Structures are given as C-alpha cells and as structure tokens.
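Below is one structure, written out as structure tokens, with a few remarks after it.
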C-alpha cells in the first residue's frame, strides 16, 4: 500500500505545529484534552448511548506538575505518527518501549512504566477524535468467535464454522479495511462473558443448532469483539444477546456493550449496541430455574457498593433494571454462569438458553 | 574494668570461698593449704573452718574473674589490651604537656610450625610505643605488674584511666594465656639511659616479679614501649581494634596514631590539632557526691582540728559560712573534733549536708574536647555532607560535674553518591533507599565505648530524641534512619559506668537530659541544613526539567514535522519562555552560594562545589609529621632494632606554632581552590580509613 498522508497523521503533526506556533508567540504551548471521567459523560436518551461532555482540561508545558506529561504526550504522538508513516500496527506495550529512553545526560527516563504511556494514548484519542484502531494500535487478541460466519482477514478467507471448537481469534482491529465480513447467515449473536461457558456452548455445537454466532471477550470484551458484534448487528441486522455472570460486574459489562464505557465515551458511536439484550444470568433466574442457594456467593462490600452505583446510572433507570439489581441486593448473593452446572453439565446448552430464547426472557 | 566496686577489700576474710577450689594457672601455693578431710561426718568446727579462711589477693581474684576486666573472650581481650596501653600513653603524654603520639603494632605469633594468617592466629604480640615522658626505672615493674597501682585513683580529675588496673591486668592476662612476661622499654630523656624490663605479676602477692632488667641502647630519646604477648583473635568490623583506633582518632584529634595491622598494613591517623587540651584541674569532692561511709573515713583521716575547718578544706564549694550552716542544721559544734564525730552524729551531719544549699562543683576539672576539635575529628575520619558539633555547658549529677558533647555527620559525601548512581533505572528498579540506621559513637573521657550500646544512657537519649522533627525518619523505639553518624562524649571526673568493664554509661536523669539537649541542638542544625538542601534541589530540579524536556519536545516536533525544521530556533524560543516562567536570574541566585552555613554555628557543609563553614585545616600530605615518616617500630626490643628514628624527637619541646582559628586559616589560603581542598580531603580520609 503506497503511503498517503492519512487524516490521523495530519492530526498528530498538528501537535507539533501547535508547539511551534506557541513558541513563536512566546506563549506556553498547551493541548486541550476532553476530560475522561464520569463527570464529563452524559447519557443520550435519544441515541441510547453514553456521549462525552464538553469539559476539557489544558495540558500545558511550562507547569512543573504537567511538564513531564506534556513532553510524554508529544513523544507518544511522535511514535504514533511513525507508525502511520510505516503503515504498521503495534501494541500499547511496544509504543511504550519505542518512546522510552533516558533524557539527555540526566538519570531520568521519559517513561518509567507502561502505566504512564497508556493513558496518554487514550488522551490523544479523545483530543484528536481518532480511534485507537486509526492510530494502528491494537490490544491483545482476547476474543474468539465461532459460527456461520466468513470473514476476509489480510486476504485470507476464514470460515468460522469450520474451525473445530477453537474458533477464530478476533483481531484487535476489525475495521472494514482490515477485516471484511464476507458471509453471515446467523440469526443472532450471543456474546458470552466467560471463555469457559463459551467453550461449553462451542463443544455442544449450540451455534449449529440455533444458528448463531458465538462471541466471547474473556471478561470485559476488548474493542475488537465489541466492534465485531456492532458490525454484525449493523451490517447483517441481527440481534445481539449478552450472557454474563449475575453480579454487578456482569451488569456493567452488558452496559458497556450496550451504551459504551465511561472512560472512552467518545467511542460509543462506533462501539455501542443500544439494542443489545441482556439474556442472563438474571437475579430472578436462580428461583426460576431452581438453583439452590448454596451455589451462590455472598456479595462482598465492594459488590454492594458497585451495585448501588449502578442503580444511579441513567442507563439503568428502567423499572425492570432497578428491580433486577435490587433483587440481587435483597438476595445478597451473586451467581456465576458456571453454577448452572450444578443441575447438569449441559444445563446451559440444553435447558437454560433454549428456554430463555423461546420465552423471549430478556432485559433491554 | 577499673572500677573499685568489684574489688573486694583484701583484708576481708571470706569463709572457704576460694580456698577449696583447685588453683588455676600456676598459683601452686594454694595446693598445700587444703586441710585434711574432716573426721566428722558432717559440719566443720569453727577451728577447722578458721584453718581454711585466708586472704585472697586482688590478682588471684582477677585471674578467676577476668571478664570483669574486659577479657571475656579472645577478641575482646586483644581490644582491651590495646585500649589500656593506648589510654595510658595518652594520659601520660597529656599530663606531661606533650602532644600524644603512639604507635600500635599487632603481630600474629606463630604457635604451630606453619605460619598462620592474621585472621586465624590465636596469639598476638601487642606493642604500643609512645613518645611521652617515660617512667622512672624504679616504678616500671610496679606499674606494669601490680594491680591497683597508679597515680590516678586518689584524685578527682578527669582522665582516661582511673584505678591503675588496666595495663597490669593486660599483662597478667598475657602471662596467664601465653606464659610470656611483659616487656618494657622506657626512657625519660635524651640524657638518661633507656631501661629494658621483663616483668611478671606474682598473682599471689600482687607484687611484680622481675625476670630481666638492663640498660639498653634505644633509638627513641624519650617515651615508653610496652610489649605484651597474649591469646587473642583479630577481626575487623564492630568492636574491633581497628574501630577502636578509628574512633579514638575522632575523639582525640590532637593525638597521632600509627597502627600496624596484623596484615602488615600501616594506617596513620594524622593529628589535626596541634594544641593540647587544657590540663584538667584536680578538685576535692563535692559534698553532694559522697556517701556516709566515705564521710566517716574522711572525718577520721582529716588533718583539720575543727569540724568547720574540715568541711571547708576537704570539700569543694564549702565556704566558712556554708560550713557553719551545715553544723547548725546538724546540731553540731563547729569546733567539734572531726575524729569524735561518728555514729548518729555523723548521720546527722550527712543529712545536714544534703539539706544545705551548696554551689555546684567547679568545672575546671573537666576538659571537653571542644566543638572545633570534634568537628575536625569527624571531618577527617568520616565522609559526609554535613558536620556539626555541640558542647553543652557543665552540669552536675550526684555532686560530680560533667560535660556532654555531641557531634553529627550526615550524608555520604558528594563523591560517594556520584559513584553509586550508575545510570538510569529499569522498570521495577528503585533508586537506592537509605534504610540504614544511624550509627552511634560513644565516648567517655575521650575513650571510645564499643560494647553494650543498648544499655548506655547515650543510646537511650538518641532513641528518645524526636528526629522526625528535623526531617529524619525514625521508627518507634529505633535509631533514626539515614546515612548518619552520631557522636556523644561524656567528660567527667567520675563517669558512672553500668558495670566494671566500663562499657556503658549509667542512666542518670541529669546525664540523659544533657545528652538529649545536645542531640536536639545537633538535630536542629541538621534540620536547617536538610531544608536548605531540599529547597536548592527543588529549584534546581524545576529549572532543570524544563531544560531537559525542551530538548525532548523540540526533537519530537522535528521528527513529527519531518524534513527541514528549525529545531534550534524552537529550543531557543522555548528556553526563553521557560526562563520567564521560572524566575530566571532569581533562580540562579537561589541555586548559588546562598545555602552556606549561616546561622549554623560549628558546622561544615560539603557539596560537590566545595566545602563551607568552620573547615579545619588538615595537615598537608607529606608534611613532616613524625609517625608519617618514621617506619613502624620493630616489635622485638631485646636487640637494638633498626626501627623508628623520629625525625623530630624533641618535637614537643620546641615552641609549638600556635594554631590559628581554623575558619580564619581557611580564609587565609585563597590560592587553594575548593577543588583542591576537596581532593586533599578525599586523599586524607582514604589514608585515615
């Protein structure tokens, strides 16, 4: 691919221009960065996604507290633009190593660990309104997909229905330029929180029987998984169901898939799936499916605090959701998906999901 | 080990205490005295018991209780032997008005056929030479081979030794462990002959036994040399001979010590002060300091005819008026005969003395080291960034005057720190942390105390001081943390030791309070220093980060823009903004010499740029210092050894150049840049260590 100056590269070079302009006028160079915290997000009721507010913070150079961060930001921008010119993708960690060196003849490093460089990339994402994928920065391949789906990745056609029970490892960047969806005959997408339960479903060929795409992100799904689910939902017009543990963290994973995350609210428009449905595990399910109390786990203080926080989020204000969360709090128990094995090893595949799908028993 | 309390009154008879036990180490006379076994099945008659009751000589007592004198184990024995000989040499020189100079030589003695390494040797020959006043011929045997014989016991004056046990005990220990006599050479002046003696102690009678005596040729014009062979163990580190001499050099900067280690290395602790400390005056006991028994004895022994006269003339700080008041309180006639006062009357008198207000004892009997000298000693021996010293005004405990002095050396010296920082740290690596605890150097009458630190009042006082107030971290009940050396010296006519072995100072409230006050003053000065240093560092950092980061940012901008880019121009522009924002010239001023030791009396600050404060002038390398040039003396005195030829044998007899105040001198040599001064210092301390 012949190199042409991308818009992202232009934005990065713009930072250098900013410094030069400020220097010429004898001003303190400063970058405006939107604030990435709960205080600066709002829930767009109409679009049903989390959007970033307009609060910004200034990162100036000639301020003892910010000087290093400013310098680091410019260094990260430099590394990212190098990536653009070379047309390579890389990991967060490689960016860190690329930008790390000793400053001059001092004994100070530009970065002491990766925790310093990672947030700066997110800062640049929001400040320059570019996605991480556009920066050519990938995370680890932490997701897997299996089902009646064929994608073209780097010119190779991959049929996800012919990959045994291992599935296709979802790349971190699944933008159309990198991964093209060639064929998808599935009726819906099932996004499972845990790899273990995904394995159960893949082994039982659940996807074959119910004609669906099985996706997992091993915990909080990485961007690649979220983006793929979103694209399947948008491009193939199929519903997305989310299956998570019954605890506050499971609820939050669902909400991230549905509305986007607070930290990277600006990405919601590309990632969020407002129509995603919560299929389980609901706090009402143990009673409905006869799970004994002794396979539950007592909520700890952290869980309780988190649950109470969730109750206040604008996107959990629906009556059903308030009931769901309060019920969990009243039970004082959380249930893992794995607990379903208490009934039968294949309870999830043979009883639970079929019944849920049949009864349309889900929350939106 | 010179304390009186442990020595039983030799006249006291003790029923069968030692008599029945088998005698050790050649006290053969004991064997005959064991009476025949009693006929009766049990119990002895008074007569039989009486037959067993006999006198115990002091020497016998100590052969069995050698730990009381500091000879508990071979390692400590070697240290004690050196210590006693060196203390005696220092005391003698000072009393004679001679700047002390000693040579200490340790040689491992071969016991088996194969030569032994110094670390493994079990027998050592200790030789200590001084260039002091010498000892008159007749006294030599008694001084070195009779316990409790000396000049220092019967007076109240500050000196290192006190009872006259030390050196003879060391000789006795040598005699017990190796069978070798003590060898002495002494000469009292150029015109007098040198005498050579080999003596042993008769442990039964506590009398010297002369094995050999003759006049010999000796290259030293004046002084004393003593050689003792003993069982010992030589080890470096804490409580070692090496440490003892190093600390002695700190507390005695007017003394020159040459140390020839068992490994044959020669270390010279240079004299840094050419002035003798003023000779302390003898005083009479203060009335508050005596006990009833002593009062009775004094009443009996006095030459005065009247009670009031006795009080005035035999005690310090008792005027006729005070004497009269005491008599009145006690209900005794001032004209009473002292000898007739005993029993109840004596007790009344004793109580009256305690109840009467009497002026504190005179303090001219104590000669403190002095702030300048402490500073010099620390500066010479220890590499640090900051030094300070405090001499407290005299105080009194139980009628004994005393002075507490403290010193402090903080930091590792500019050179050390630079050497440690080898480069940037990797992830997870930390910059070196200063978790080491402070080290406390304790001294009593200029003698280093090396054992029983935690039992010592000085140690307790250091713990009790709130070092956190001065910016030093300190865990509860622990020494302060940091690269710090704390120096504490107690000077007194009578230092209260916790035990006979003279290892720790007893915890009197008055003493501890004084030490704490001295610590607090040192701490306060250290706090000021640390604050200034922190401030300067902060400003420097503030300024520096912009300079460093501008470089980075400008280069990154250049890469981002690619192609031709006026990077130097950008740097200059950014620097200009930085200067404007950080106060520019003002910062330079702050970074400059403003952090000097103003307001910090008796302190030295060492920075990478140079040394500020009351910097002592150290002797220049290669100056005609006596021991520095003279080779170490040969240990074997029997045949005239070709050894030390002092260049200036009569050095102390010549008028000594009066040492000018150090600060003034420092100013008076402007040609010497700070850099050379630093280099000189570095060399010095290397030689000193």
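Chains as they are written, first to last, in the working numbering: chain A, 509 to 872; chain B, 1215 to 1903. In this text, a Cβ means the ideal position worked out from N, Cα and C, and glycines have one as well. Predicted model, so just to flag it, every value in this text is computed and none were measured.
- Taken through DSSP and simplified to helix, strand or coil, residue 651 (chain A) comes out as strand.
- At a cut-off of 8 Å between beta-carbon atoms, residue 523 (chain A) makes contact with chain B.
- For residue 1696 (chain B), the closest alpha carbon among the candidates B:1291, B:1259, B:1524 and B:1622 is that of B:1622.
- Counted as a single uninterrupted DSSP element, the alpha helix (DSSP H) harbouring residue 732 (chain A) occupies residues 731 to 744.
- Here residue 669 (chain A) is near residue 655 (chain A), since their CB atoms are less than 8 Å apart.
- A direct Cα-to-Cα measurement between residue 795 (chain A) and residue 801 (chain A) gives close to 9 Å.
- The beta-carbon distance between residue 1473 (chain B) and residue 1318 (chain B), rounded to whole angstroms, is 5 Å. This is short enough to meet the 8 Å contact definition.
- DSSP, reduced to helix, strand and coil, places residue 1491 (chain B) outside both helices and strands of the structure shown, so it counts as coil.
- Nearest CB-CB separation between residue 836 (chain A) and chain B: not below the 8 Å threshold.
- In the DSSP assignment, residue 1443 (chain B) forms a beta bridge with B:1339.
- By the neighbour-count criterion, in which a residue is buried when 16 or more other Cβ atoms sit within 10 angstroms of its Cβ, residue 1274 (chain B) is buried.
- Here the C-alpha atom of residue 1601 (chain B) lies approximately 6 Å from the C-alpha atom of residue 1624 (chain B).
- Neighbourhood of residue 575 (chain A) in chain B, by CB distance below 7 Å: 1759, 1760 and 1763, in chain order.
- At the C-beta level, residue 564 (chain A) and residue 538 (chain A) stay beyond 8 Å of one another.
- In this structure, the alpha-carbon of residue 583 (chain A) lies about 27 Å from that of residue 685 (chain A).
- Neighbourhood of residue 1791 (chain B) in chain A, by CB distance below 9 Å: 530, 531, 534, 535, 536, 537, 569 and 570, in chain order.
- Segment contact: the region 1579 to 1597 of chain B against the region 1768 to 1783 of chain B, fewer than three CB-CB distances shorter than 8 Å; contact not assigned.
- With distances taken between CA atoms, residue 1359 (chain B) lies nearest to B:1440 out of B:1440, B:1369 and B:1656.
- Around the beta carbon of residue 1776 (chain B), fewer than 16 other beta carbons lie within 10 angstroms, which makes this residue exposed.
- A direct Cα-to-Cα measurement between residue 731 (chain A) and residue 680 (chain A) gives close to 7 Å.
- In the DSSP assignment, residue 696 (chain A) forms a beta bridge with A:720.
- Boundaries of the alpha helix (DSSP H) around residue 1515 (chain B): 1506 to 1515.
- In its chain, beyond the 5 residues on either side, 1293, 1296, 1297, 1662 and 1664 have a beta carbon closer than 7 Å to the beta carbon of residue 1458 (chain B).
- In the structure shown, residue 1724 (chain B) adopts helical secondary structure according to DSSP, grouped into three states.
- Per DSSP, the unbroken beta strand (DSSP E) holding residue 1320 (chain B) starts and ends at 1315 to 1322.
- In the three-state reduction of the DSSP assignment, residue 1353 (chain B) falls in the helix class.
- Residue environment analysis places residue 790 (chain A) among the buried positions, since at least 16 neighbouring C-beta atoms fall within 10 angstroms of its C-beta.
- In the three-state scheme derived from DSSP, where H, G and I count as helix and E and B as strand, residue 566 (chain A) is classed as strand.
- Here residue 1790 (chain B) is exposed: its Cβ has fewer than 16 other Cβ atoms, across all protein chains shown, within 10 Å.
- With a threshold of 8 Å between beta carbons, residue 709 (chain A) makes no contact with chain B.
- Annotation: residue 640 (chain A) is outside any beta strand (DSSP E) and is labelled neither H nor E by DSSP.
- Here residue 701 (chain A) is near residue 758 (chain A), since their CB atoms are less than 8 Å apart.
- Looking at the DSSP output, residue 817 (chain A) bridges to nothing.
- Rounded to the nearest whole angstrom, the CA to CA distance from residue 555 (chain A) to residue 638 (chain A) is 21 Å.
- With its beta carbon less than 8 Å from one in chain A, residue 1770 (chain B) belongs to the interface.
- By the neighbour-count criterion, in which 16 or more other beta carbons inside 10 Å mark a residue as buried, residue 1398 (chain B) falls on the buried side.
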